[in-house]
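**Student:** Please read through the structure below; I'll follow up with questions.
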Amino acid sequence: MLKSYLLVFFVSMVPLIELRGAIPIGLGMGLPILPTYLVCVVGNMIPVPFIYLFARKFLIWGYHKPLIGPICKFCIVKGEKGGRALEAKAGRGLVVALLLFVGIPLPGTGAWTGTLAGSILDMKFKDVVKACMGGVLLAGIIMGLASAGLLGALSTLFSVG
94 MLKSYLLVFF VSMVPLIELR GAIPIGLGMG LPILPTYLVC VVGNMIPVPF
144 IYLFARKFLI WGYHKPLIGP ICKFCIVKGE KGGRALEAKA GRGLVVALLL
194 FVGIPLPGTG AWTGTLAGSI LDMKFKDVVK ACMGGVLLAG IIMGLASAGL
244 LGALSTLFSV G
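Going by my numbering, the first residue of the sequence shown is number 94, and it counts up by one from there.
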């Protein structure tokens, strides 16, 4: 059973998959929902400080490198453009907007992307961690309910009537 928890822990750290993929994997392996949720939240949050502290520096460093330069340039330009648009729409509610961005379990909207966006926008570390933690908790609840079949059962219940 420890191997199963380690698997979902490490899967929740992987970009793009994160806790959104790890929770269904854990529940599919027969793990109980609450411990799986907690293990996945911790695993998904561990990369956040490292992404915040080092990702932007790496992208700036690689901006003019021959092989990785175009990728780094794309990430910086795209991140700044999207971040500034989010900032313009959210105004003072940028932390809440980032929380919701991370919390909606869609591809490319997880803690990795949210942390990178917060870093590019020069948000305070504390605000980025709060927004990402809230978003990861929200996404975990949504994915836990969906994986457990509760959302499917509710949609069936309401579509019958």
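The beta carbon of each residue, even a glycine, is placed where N, CA and C say it ideally should be. In this text, all values refer to a predicted model and were calculated from it rather than measured experimentally.
Let's test the definition: count the other Cβ atoms within 10 Å of the Cβ of T206 and tell me whether it reaches 16, buried, or not, exposed.
**Tutor:** Along the sequence shown, one-based indexing puts residue 206 at 113. The residue in question, T206, is buried, as its Cβ has 16 or more Cβ neighbours within 10 Å.
**Student:** Go ahead and pull the three-state DSSP assignment for M106.
**Tutor:** Taking the sequence shown and counting its residues from 1, one reaches residue 106 at position 13. Looking at M106 - three-state DSSP - the assignment turns out to be coil, as it is neither helix nor strand.
**Student:** Alpha carbon to alpha carbon, what distance is there between H157 and F218?
**Tutor:** Numbered from 1 along the sequence shown, position 125 holds the residue referred to as residue 218. Numbered from 1 along the sequence shown, position 64 holds the residue referred to as residue 157. Distance between the alpha carbons of F218 and H157 is about 27 Å.
**Student:** Can you tell me whether G184 is buried or exposed? The criterion is at least 16 other CB atoms within 10 Å of its CB, across all chains shown.
**Tutor:** Looking up residue 184 in the sequence shown gives position 91. Exposed.
**Student:** K166 by DSSP, collapsed to three states: which one?
**Tutor:** Here the question's residue 166 lines up with position 73 in the sequence shown. In the structure shown, K166 sits in a helix (DSSP, three-state: H, G or I).
**Student:** In this structure, how does DSSP classify I197 when only helix, strand and coil are distinguished?
**Tutor:** Taking the sequence shown and counting its residues from 1, one reaches residue 197 at position 104. In the structure shown, I197 sits in coil (DSSP, three-state: anything other than H, G, I, E or B).
**Student:** P117 and S212: beta carbons closer than 9 Å?
**Tutor:** For the purposes of this step, residue 117 is taken as residue 24 along the sequence shown, with counting starting at 1. For the purposes of this step, residue 212 is taken as residue 119 along the sequence shown, with counting starting at 1. Contact flag unset, no.
**Student:** So the alpha helix (DSSP H) I139 belongs to, where does it begin and stop?
**Tutor:** Mapped onto the sequence shown, residue 139 falls at position 46. Premise fails: I139 is in no alpha helix (DSSP H) and is neither H nor E.
**Student:** Would V195 pass as a contact of C225 if the rule is Cβ separation under 9 Å?
**Tutor:** The residue you call residue 195 lines up with position 102 of the sequence shown. The residue you call residue 225 lines up with position 132 of the sequence shown. Closer than 9 Å, so yes.
**Student:** So R113 is in the alpha helix (DSSP H); what residue range does that whole segment cover?
**Tutor:** Here residue 113 refers to the residue found at position 20 when the sequence shown is read from its first residue. Residues 111-121.
**Student:** Where does P125 fall in DSSP's three states?
**Tutor:** Numbered from 1 along the sequence shown, position 32 holds the residue referred to as residue 125. Coil, per DSSP.
**Student:** Do you know offhand how far S105's Cα is from G119's?
**Tutor:** Counted from its first residue, the sequence shown places residue 105 at position 12. Counted from its first residue, the sequence shown places residue 119 at position 26. Using only the alpha carbons, I get a separation of about 10 Å.
**Student:** Within the continuous alpha helix (DSSP H) that includes M226, where are the two ends?
**Tutor:** Looking up residue 226 in the sequence shown gives position 133. From DSSP, the alpha helix (DSSP H) with M226 extends over 218-241.
**Student:** Can you check which of these residues, L109, L191, K166, is closest to P140 by C-alpha distance?
**Tutor:** By one-based count along the sequence shown, residue 140 stands at place 47. Among L109, L191, K166, the Cα nearest to that of P140 is on L109.
**Student:** Just the Cα atoms here: how many angstroms apart are K171 and G162?
**Tutor:** Counted from its first residue, the sequence shown places residue 171 at position 78. Counted from its first residue, the sequence shown places residue 162 at position 69. When rounded, the distance between both Cα atoms is 14 Å.
**Student:** What three-state label does DSSP hand T202 in the structure shown?
**Tutor:** Position 109 of the sequence shown, counted from the first residue, corresponds to residue 202. In the structure shown, T202 sits in coil (DSSP, three-state: anything other than H, G, I, E or B).
**Student:** Leaving out the 5 sequence neighbours to the left and right, which residues in its chain are closer than 7 Å to V132 when beta-carbon positions are compared?
**Tutor:** Stepping through the sequence shown from its first residue, residue 132 is reached at position 39. Closer than 7 Å at Cβ, skipping near neighbours: Y98, V101, F102.
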